[in-house]
Amino acid sequence: MTMLQSVVRRRRVVAAAGAVSAGLLVLSACDKPTPRATVTVGSDSVSAEAACYDDGKDLGREEAAKCAVKKASHTIEVPQSETLRIGVDPEVAETGWALWINGQQVTNVYKKTYYSFEGVDLFADQQGQAAPKELNISIVEQDKTDSTASKVYKGAWNFKLKNADS
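Position one of the sequence shown corresponds to residue 2 (our numbering), numbered consecutively onward.
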């Protein structure tokens, strides 16, 4: 009887070890999700993971600029003079972030999880040119350092804004 119990016990140990190994294998195949950014206009909202993000490591300005012009996976319509609201995860706010439009930084660095751009007319006519039908915006995680130190660029989240009035 003891020999039978020993065989059963060994099978259980082997089965448990196999289950633990399989679980670790499955977990190692999963990527940690990137922080999220959210864009809200009126009652509509879109949220996305980063287009570029290396687990919080510095991408460099050149790579961040390339990421900021990648195709956006989420689109939101924006009526003229509507408030544009942006939300980021707390870890992004801790580093800092700036708004980029069509690959160019257009704001200073914010250290808040939420910021609203009141009555922004992103689609206004520009010096005799017709208003654009759409814009690509990026939230770029970058630190707020003085101009003598090199900046750190950690990620970019891209969204397409469509002119709801065109």
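The beta-carbon is built from N, C-alpha and C at its ideal position, and this holds for glycine as well.
What residues are listed by DSSP as bridge partners for residue i?
i, result
"C85", "Before going further, note that residue 85 is Leu rather than Cys in the sequence given. The partner list for L85 (beta bridge, DSSP) reads V42, F118."
"R37", "E50"
"S139", "W101, N159"
"E78", "K163"
Straight-line CA distance for residue i to residue j?
i, j, result
"A52", "C68", "7 Å"
"E64", "E50", "17 Å"
"T96", "D45", "27 Å"
"G104", "K155", "15 Å"
"W101", "G57", "19 Å"
"K152", "G61", "8 Å"
"T76", "D126", "21 Å"
"D55", "Q130", "39 Å"
"L25", "W158", "Its pLDDT being 47, under 50, L25 is placed unreliably by the model, and the measurement read from it follows with that caveat. In a straight line, the C-alpha of L25 is about 30 Å away from that of W158."
Nearest CA to the CA of residue i: which residue from the options?
i, options, result
"V79", "A157, D56, V47, A94", "V47"
"V110", "A38, K58, E142", "E142"
"T35", "T114, Y116, V89", "V89"
"A38", "K163, G129, I138", "I138"
"Q81", "I87, W158, D144, K134", "K134"
"L1", "Y116, A165, G129, W98", "The structure shown does not extend to residue 1, since the chain is modelled only from 2 to 167, so the question has no answer here."
"V107", "K33, V42, A66, G43", "A66"
"G43", "K72, F124, E83, K145", "E83"
"D59", "K33, V93, K71", "V93"
"K113", "W98, D122, E119", "W98"
Taking only three categories from DSSP, how would you classify residue i?
i, result
"A131", "coil"
"K67", "helix"
"V110", "coil"
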